[in-house]
Amino acid sequence: MGIAVIGGGVAGITAALDLADSGYKVHLIEKNAELGGKMEELAECQMGLSPYIAKVENHPNIDLMLSSELERLSGTAGDFKLSVSGNEVGVESVVLAPGYDIPEVAKSYGFGSPDVVVSLDFEGILKAATVSETGELVRPSDGKPVKRLGFIKCVGSRCQENEICSTACCAYTAKEAWEVKERYPDIEIYIFYMDIRVFGKDEELVAELKDKYGVKYIRSRVPEVIPEGGALTVKFENLEKGTIEKLDLDMVVLAVGLLPSKTMSKLAEITGVKADKYGYIETSLTSPLETSVPGILACGTATAPMKVRESVAQASGAALKAAGLSQRTEPIPGQEEHKFIEIGDELKTGVFICGCEGEIANSIDIPAVAERISELKDVAYVNSETNTLQEAMDAIESGIVDQGLTRIVFAGQSPRECEDIVRDACAVAGLNPYLLELVNLREQCAWVQDPKDATEAAADMLKMAVERAKYLEEIPVERYPVIPKALVIGGGISGMNAALGIADAGYEVHLVDKGAELGGGLRESTELQSGEKAADILKELVGKVTANERINVYTNVKEEEIEGRAGSFKAKIVAEGAEDAEIEFGACVIATGARRDFVPEGYFGYGKEKNVTTVSEFVKMLAGKLDANTIALIQDAPGEGVTARYSSIEVVDSALKAKEKNPDANVFVLYQDIKTYGKWEVLYKDAREKGVIFLRYDKEKPPKYEDGIVSVYDVIFNDEIQIKPDLVVLSTPAMPAEANERLSEIFRIPLKNGFFMEKPERPKMVLTPVDTVNEGVFICGSAVYPAMIDECLAMSSAAASRACVLLAKDFLETPAMTSVVDEEICAGCGVCEAICPVEAIELTEELVPVVTFGVTTVVGGTKKVAKVGDGCIGCGSCASYCPSSAMSLKNFRDRQVYAQLDYAV
Amino acid sequence: MGEETTKEEEEEFEPKIVGFTCNWCTYAAADLAGTSRKKYPPNSRIIRLMCSARLDPMFVLKALLNGADGVFFSGCHPGECHYIKGNFYARRRIAAIRTILKQLGLDNRFKSYWISASEGEKFANTMKGLAEEIKELGPSPLRGKVL
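These protein sequence lines map, in sequence, to chains A and B. Counting from 1, position 587 in the first sequence corresponds to residue 586 in numbering that gives the first Met the number 0; the numbering is continuous, with no gaps. Counting from 1, position 82 in the second sequence corresponds to residue 81 in numbering that gives the first Met the number 0; the numbering is continuous, with no gaps.
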């Protein structure tokens, strides 16, 4: 059987790949004829997603069902029967990832005028501007260049028709504005907003837009856009002056919200999963991935509006949960051991030029290039007939097997997309995969140059590759066994959930925590926003962890001494009151959480005045008797650390609870931006309706607390307001765990503001939110960014999923492109040892034999020689620095680069 | 040989440029320029290195000796290296290469940039600017003479 994934957008693709890569059969069902969903419409995203799409299309464990729709579902978890566009499919579990749709736009926004567009269409216009002759951004109506561009946020969200916040719009608007400013610095940009709900990296981007790019952020809900006389007039309230103003713009982009997919109601009907009152699949704060039907999981924008980062984390997490109900039936690709043919000195180069379904063939005259290349002395065979990657791989395999080719040059799409697939094809056919040279004909030639130039350039690029191929050498492919165990660092809710996820998948887990008990930050909480008791949730989780035979818990851990690499780590766990434990593991999940113990000493008289407290203390007070009639909550109180994603939610929630507890109390919230993203917006609305008073202050004029009076300059009333509170509650920043610095050094994972950074695959988009630059180490929960419980649970399931993908493998290959030293030449100067960024090089003493008359007679003494160890990451620093050229980087040796240079000019 | 050069000069001079890029940032930016169809002149041939740390000064010299009219190098922004600090090493080496090239009067033919994976537009614009700049300089004095 297997698992059905419904929806071929970014979430569906992520879930399908995690499952297929760990040996499960996947049926990926997509209603459109192509994969990619909404992401395909965004330039940067399309680029980032395309390697994943290529992988899905070529994956042996994925049954890709395009232009297909789910028609019927029957059965129960472990035995579902699906009817998909007439085909019957049997699966054990189902992942729903149908994605989102955008709302209809109200006429009042001037929609109908060609110069008013929704954000997704604006991406298309930006793309079109790129390929147009002038490259300018022009108005769709009259083709005149755009000089003043406006973005209106919260269109179709936080409104009567859709009361929740769409979460993603603030960040994507910032990205679009950034792209416009980068490309057209002279265009003036105005962004109309209600609150700027961005966190972390996006927060920095917004600050940059305001300060560096001169983008004007105007806080006002725009009621209408009036198209008149060739301009678009935007009416808005100037809060500083309290007047209604007009602004003429050339073009307006509506940052429309995210609504549940139009297919959702039908899908809910077919599958029986419950939808919430907004039409999203119902999930809960403590089980964010489970639907109301056991065996059916949900992820991405089908559960709530969210960004790509959160969508893919949910998708990985849902994949793990779905896998738990299924059986592994398929081999894991790339695990077969290959025997390579002995090629000796024979040089027989085969060149394969792929047309890439016209993408290359349209601008490069492939037959002409093929003819010129076949005339080269060293070329034994040229194939220019293939049109898809699959055809090309078949041709390469038969070229190696039938014609005995000993070097392969493949020209097609970017190696960043196809390198693994092509190397694998060579290996399958029995040729050492490093006797392959790739030419980037699509991205770096066909798509960027005019046809005449492109053909010429293509021929040159191929000549360089053919020459380089001559000097390629076989690199032994060495494999080492993966230790099927994991280490989870941190015993909070994220760590425990990750440990359970990995253990349930069948692997042994070592769970370490610095505290005496499991539980982490949640132990400080009393009640969750959902009304559940934190203690109950902890009790259940801790019970499950301690009862699980596959989980070994270590508490009071002082430090971990760790060495090794993905698949094969060793650690010594040093704990107080226990003997040191030596453990081995293949993958590690970091879940160190965040600290909430920042003491706002001195701020607003905290520490001196008895009635000044913090939100975490206030939440505890709410559990008992609350005798305060006037309460002032101050959000974004200064301090070290970052603003947690839960910060506003916690403030609004506790304000609401105080009001509910004591309806006569005056509860004030002083804030800059209320960041109640997604469905939490309802909490904000509820609080306002119940009479909590929100006062917005400006960063430049922060509130003060003196002589028992809080004074704040409210930017909406445009006046100073004074409050005499019984209680002042400060919302303080969250701080990184102390262990982060140490773990960052051990695993070489960079930190940002003290929190772990994900693998930076694409700078403006996160597709692998729990992966790090260290292949065997995954991050989750508040160790990445202080987040709500549902997000921590989804992320930790995702980290467990990614760890399981690694642990499912029997073997990993040692990195091939590493440095080697020629000991004969090495003078032992030690430059390489000094500069190696990962300390993989060591100078050792070697005995030097003296050769007399051809026979080794005596040992003449010792000399120092550099030795490259296991940790080499292949950067090549040593090879470039070595003064005697004794050090080389495999696959990038001097003579291999020189060969390219000889034909580059 | 001499005749050929004159003939070439009579037509519009099209410089030959060799570029070294790191795999993770600038090579990816070049791919992004492609995906977004940002056209640029065909003068540059790109050699992919995994990290800017592999940029050996000899590569630059060899390219110039081979007759390249221009050579450029581009990697991740300092501090963003995939290999921790490879581009800091590269930066130091580039300074050294410049000193040598200055002696030979060739330093204006060697350029270095930092272009990250998201800067496809910047890559295309850099290629345009570079081609124009080298065109202004005219053919390399070493063209067709040394090797």
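Ideal placement from N, C-alpha and C gives every residue a C-beta, glycine not left out. All values reported here derive from a predicted model rather than from experimental measurement.
- Taking Phe-58(B) as the centre and dropping the five residues before and after it, the same chain places the C-beta of Phe-19 closer than 7 Å to its C-beta, in chain order.
- Proximity of chain B to Lys-126(A) at the Cβ level (cut-off 9 Å) is accounted for by Ser-35 and Arg-36, in chain order.
- Contact residues of the segment 472–503 of chain A toward chain B are absent (C-beta to C-beta distance below 7 Å).
- The beta carbon of Tyr-39(B) falls within 9 Å of a beta carbon belonging to chain A, placing the residue at that interface.
- In the same chain as Ser-49(A), and ignoring 5 residues on each side of it, the C-beta atoms closer than 7 Å to its own belong to Glu-416, in chain order.
- Secondary-structure assignment with DSSP links Arg-564(A) through a beta bridge to Ser-567(A).
- Listed along the chain, the chain A residues whose CB falls inside 8 Å of the CB of Gly-85(B) are Pro-836, Cys-874, Gly-875 and Ser-876.
- Only those residues of the segment 344–357 of chain A whose C-beta falls short of 8 Å from the nearest C-beta of chain B would be listed, and there are none.
- Contacts with chain B at 9 Å (Cβ-Cβ) do not include Arg-741(A).
- The C-beta of Gly-66(B) comes closer than 9 Å to at least one C-beta of chain A.
- Boundaries of the alpha helix (DSSP H) harbouring Ala-28(B): 25–34, taken from the DSSP string.
- In this structure, Val-681(A) is the residue among Pro-785(A), Val-727(A) and Val-681(A) with its C-alpha nearest to the C-alpha of Lys-276(A).
- With a cut-off of 8 Å on Cβ pairs, the segment 454–466 of chain A is in contact with the segment 353–373 of chain A, counting three or more such pairs.
- Of the other Cβ atoms in all chains shown, fewer than 16 fall within 10 Å of the Cβ of Leu-846(A); this residue is therefore exposed.
- From the listed residues Lys-209(A), Ser-493(A), Val-611(A) and Lys-538(A), the smallest Cα separation to Ala-786(A) is found for Ser-493(A).
- Counting only Cβ-Cβ distances below 8 Å, Val-867(A) has no contacts in chain B at all, with the closest Cβ about 15 Å away.
- When DSSP states are grouped into helix, strand and coil, Asn-555(A) belongs to the coil group.
- At the C-beta level, Leu-136(B) and Pro-14(B) come within 9 Å of one another.
- Contact of Val-9(A) with chain B is not assigned, every C-beta pair being separated by 9 Å or more.
- In the displayed model, Ile-824(A) falls within coil according to three-state DSSP, outside both helix and strand.
- In this structure the segment 528–546 of chain A does not touch the segment 834–848 of chain A; the number of beta carbon pairs closer than 8 Å is below three.
- The Cβ atoms of Arg-47(B) and Asn-22(B) lie closer than 9 Å to each other.
- With fewer than three CB-CB distances shorter than 8 Å, the segment 185–195 of chain A does not count as touching the segment 287–296 of chain A.
- With a contact defined as Cβ atoms closer than 8 Å, Lys-180(A) and Val-214(A) qualify at about 7 Å.
- Where Asn-65(B) is concerned, there is no enclosing alpha helix (DSSP H), because DSSP gives it neither an H nor an E.
- Straight through space, the alpha carbons of Ser-82(A) and Ala-52(B) are spaced by roughly 55 Å.
- With its beta carbon at least 9 Å from every one in chain A, Ile-114(B) lies outside the interface.
- Distance between Cys-298(A) and Glu-688(A), taken at the CA atoms: about 32 Å.
- For Leu-27(A), the enclosing beta strand (DSSP E) stretches over residues 25–28.
- Looking at the backbone, the Cα of Met-764(A) and that of Glu-122(A) are separated by about 15 Å.
- Identification of chain B residues near Phe-716(A) by a Cβ-Cβ cut-off of 7 Å yields none; the smallest Cβ-Cβ distance measures about 42 Å.
- DSSP, read as helix, strand or coil, puts Gln-389(A) in helix.
- Interface residue (Cβ-Cβ distance to chain A less than 9 Å): Glu-120(B) is classified as such.
- DSSP places Pro-56(B) in the helix class (H, G or I) of the three-state scheme.
- If only complete runs of 3 or more residues are kept, the segment 340–405 of chain A shows the beta strand (DSSP E) at 348–352 and 378–382, in order along the chain.
- Three or more pairs of CB atoms, one per stretch, sit closer than 8 Å, so the segment 85–100 of chain A contacts the segment 2–10 of chain A.
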